[in-house]
Amino acid sequence: MLRQVAQGVWVHESEFCQSNAVVVLGRDGVLLIDAGIHGDEMACLVNDLSDVGQAVVAGFSTHSHWDHLLWHASLGGAPRYGTALCATTARDRLAGGIDPVRLGIPEDVPLELLGNITGLPEATARIPWDGPVVRILEHQAHAPGHAALLIEEHRVLVAGDMLSDVLIPMLDVNGTVDPVEDYLAALRLLESVAGSVDTVVPGHGSVGGSGQVQARIDQDRAYVLALRNGQVPADPRVGPSAKPGWEWVSDVHEGQLQRLAQRS
């Protein structure tokens, strides 16, 4: 079910890892950001939109991981965008096919239209659609060509896989020369617009209000700095204080520590 989080902006939360699909109302339809996970959830989204006389006129994937590249036939044939580097990375990763079992992809996930996105020209500043201005804030944290989106008129930041209350920062440890600095640079970029944000929507986790935007940036920065220094972070997302069902995040943390140590 769609939940309104700001004027003209709704969120649909999936059962899979609290994944958030974001719907933005335009003049002739809606922009759908990170469409969702399960096929029945996307079909429900289509029905919800149909009930209010809306259809999807554009899509956007914040980054190139499979759970942000999905689509359902019932959503229609609207253009689906990503940054140029996101689209190239997705195409390269999908060229040899995917193994759903290895990737832990649940059943009832429609893979037929996976990754069919068009890369926008490099340095494109806004999503091309007939609706509110949606600024593209591209960075290299977490995945190549990752984009956060600022819906200026409604003061909403769609953060992709950053600023989560349940997931720690997940660095692209194997894909960049300096994954720690890439992440810190991305946090500085998000911080530069934090004063213009009243609502933050992470790719996974709970929607946050204006008082949480800077707090989440600070928490993510503290985690990354602790990771860089090989320290145990005082972070509620890791260890016994992790939210029930998210205990596996501690294993991710240990894995990142080991991979960073191997790089040094």
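If you read the sequence shown in UniProt numbering, its first letter stands for residue 1, the second for the next number, and so on. No residue lacks a Cβ here, since even glycine has one placed at the ideal position from N, Cα and C.
Should residue i and residue j be called a contact, given that it needs their Cβ atoms to be closer than 7 Å?
i	j	result
Gly119	Ala84	yes
Val56	Val24	no
Gly39	Pro110	yes
Asp172	His139	no
Leu114	Leu75	no
Val201	Val213	no
Ala78	Gly59	yes
Ile117	Ala87	yes
Pro179	Val224	no
His154	Gly8	yes
Lys243	Val166	yes
Glu41	Ser14	yes
Leu260	Asp220	no
Val5	Thr199	yes
In the DSSP output, what is residue i paired with across the bridge?
i	result
Gln4	Trp10
Thr118	Tyr81
Glu41	DSSP output for Glu41 lists no bridge partner at all.
Gly239	Gly239 pairs with nothing; no bridge assigned.
Phe60	Ile33 and Tyr81
Arg221	In DSSP, Arg221 forms no bridge with anything.
Arg126	Arg135
Gly209	Thr199
Determine the direct distance from the alpha carbon of residue j to that of residue i, and round the result to whole angstroms.
i	j	result
Val34	Gln18	Note on residue identity: the sequence assigns Asp, not Val, to residue 34. If I take the Cα positions, the gap works out to 12 Å.
Leu257	Gly175	16 Å
Ile217	Met1	28 Å
Val158	Gly203	8 Å
Asn229	Val252	17 Å
Pro249	Arg126	The amino acid at residue 249 is misidentified as Pro; the sequence shows Val. Rounded to whole angstroms, Val249 to Arg126 spans 33 Å at the Cα level.
Glu181	Val11	31 Å
Ala163	Leu184	First, the amino acid is wrong: residue 163 is Leu here, not Ala. Rounded to whole angstroms, Leu163 to Leu184 spans 12 Å at the Cα level.
Gln262	Val232	17 Å
Leu32	Ser64	16 Å
Arg80	Ser210	29 Å
List the endpoints of the continuous beta strand (DSSP E) containing residue i.
i	result
Ile33	Val30 to Ile33
Pro202	Thr199 to Pro202
Gly53	Taken as a continuous stretch (DSSP letters only), Gly53 belongs to no beta strand (DSSP E), as it is neither H nor E.
Arg135	Val134 to His139
Val158	Val156 to Gly160
Ile151	His146 to Ile151
Val24	Asn20 to Leu25
Any heavy atom of the ligand PLP closer than 6 Å to the Cβ of residue i?
i	result
His253	By its list of ligands, the structure shown contains no ligand whatsoever, and the ligand PLP lies outside what it can speak to.
Can you name the start and end residues of the alpha helix (DSSP H) that residue i belongs to?
i	result
Val173	Unbroken run through Val173: none, as it is neither H nor E.
Arg102	Pro100 to Leu103
Val249	Val249 to Arg263
Glu107	It is not in any alpha helix (DSSP H) - Glu107 carries neither H nor E in the DSSP assignment.
Val180	Pro179 to Glu191
| message | Count Cβ pairs between the stretch 138-155 and the stretch 183-200 that sit closer than 8 Å; are there 3 or more? | response | Using a C-beta cut-off of 8 Å, the stretch 138-155 makes contact with the stretch 183-200, since at least three inter-stretch Cβ pairs fall below that distance.
| said: Does the stretch 43-50 come into contact with the stretch 232-239, if we say contact requires no fewer than three beta-carbon pairs (one atom in each stretch) closer than 8 Å? | reply: Not touching, per the Cβ criterion.
| Would the stretch 119-137 and the stretch 97-105 be scored as touching if the rule is three or more Cβ pairs under 8 Å? | Taking 8 Å as the limit for Cβ pairs, the verdict is that the stretch 97-105 does not touch the stretch 119-137.
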